[in-house]
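In the UniProt record's numbering, the protein residues as written are 1 to 275.
For every residue, glycine included, the Cβ atom is placed at its ideal position computed from N, Cα and C.
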């Protein structure tokens, strides 16, 4: 089951009313959140820089990526594009997974729940293999290129969650595609490129995440610090959190709410500092 863990398929829906616009004219469907609050189909004063959000394994099956786009457009003062890398067919449906949710560090599920979670994961594997980030990447690269050409963005930052976090790590290692990377609890095959970033990169990491075993964070930090040409980089661990906290937090848990709000503030700060 390389590339997916039980926490990849659990989480919560964010609350809120969508303010942006669905756009279906590029390489992938997207949701546009304008920093000027204009509608995409009417005259809009586009910003000179933009963020792209690559979602977790739920894709656009829940509104969280779109709500995050609205949030970061407002707080960063930039246009934000949430991109549907699953092209309307997310491999995992939130409604199927409610019984299996782990929401905070230290929470232990019953053995029956754990068995049920792994059994559910097995049903997703054939689809997940065909949709692994390496297969999705060409369309995402084309989408980002289209944004640059059409809207004349001078810089584009990529925020990626879980499945989408692997995209952020990979594209950060390829010159000329993105200008800033912000992977949050990256999953799937992200370790292949984790030491190779060529653009500023900020990792947001849960307190508990099987993708980040004991000692792994320290070894990666040491490897990047040792590079003479290493870009600006940051690793932040958020207390009390598990994989999925950035995109699917349970804000009813005080520690999760505090850590998630800290994550949002840190992300805004990094964007303003590097873009």
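At the C-beta level, residue 156 and residue 148 come within 8 angstroms of one another.
Residue 209 and residue 17 have their C-alpha atoms roughly 30 angstroms apart. Within the model, the alpha-carbon separation for residue 232 versus residue 206 is close to 21 angstroms.
When DSSP reads this structure, residue 79 sits in a beta bridge with 50.
In this structure, DSSP gives residue 155 an extended state, which the three-state scheme calls strand. Segment contact: the stretch 27–34 against the stretch 67–83, three or more CB-CB distances shorter than 8 angstroms; contact assigned. For residue 216, the enclosing alpha helix (DSSP H) stretches over residues 216–225. Using a C-beta cut-off of 8 angstroms, the stretch 129–139 makes no contact with the stretch 60–78, since fewer than three inter-stretch Cβ pairs fall below that distance. Around the beta carbon of residue 164, 16 or more other beta carbons lie within 10 angstroms, which makes this residue buried.
Judged by beta-carbon spacing, residue 54 lies beyond the 8 angstroms limit of residue 173, meaning their Cβ atoms are not closer than that value. Under the 10 Å beta carbon count, residue 254 is surrounded by fewer than 16 other beta carbons and is classified as exposed. One Cα belongs to residue 178, the other to residue 73, and the distance between them is close to 18 angstroms.
Taking the Cβ atoms as the reference, residue 51 lies roughly 17 angstroms from residue 14, outside the contact range of under 8 angstroms. For residue 218, the closest C-alpha among the options 229, 227, 235, 48 is that of 235. Spatial neighbours of residue 204 in its own chain (CB-CB distance under 8 angstroms, excluding positions within 5 residues in sequence) are listed in chain order as 182, 183, 184, 185, 236, 238, 246, 263, 266, 267. Counted as a single uninterrupted DSSP element, the alpha helix (DSSP H) harbouring residue 261 occupies residues 254–274.
Measuring C-alpha to C-alpha distances from residue 187 to each of 180, 224, 244 identifies 244 as the nearest. CA-CA distance, residue 192 to residue 221, rounds to 15 angstroms. DSSP places residue 167 inside the alpha helix (DSSP H), whose first and last residues are 163–172. Within the same chain, and ignoring the five residues on either side of residue 139 in sequence, the residues whose Cβ sits closer than 6 angstroms to its Cβ are 27, 28.
Taken through DSSP and simplified to helix, strand or coil, residue 140 comes out as helix. In this structure, residue 274 and residue 180 form a Cβ contact; the two beta carbons are roughly 5 angstroms apart against a cut-off of 8 angstroms. Nearest neighbour of residue 212 by Cα position, chosen from 143, 248, 176, 162, turns out to be 162. Under the three-state reduction of DSSP output, residue 58 falls in the coil class, being neither helix nor strand.
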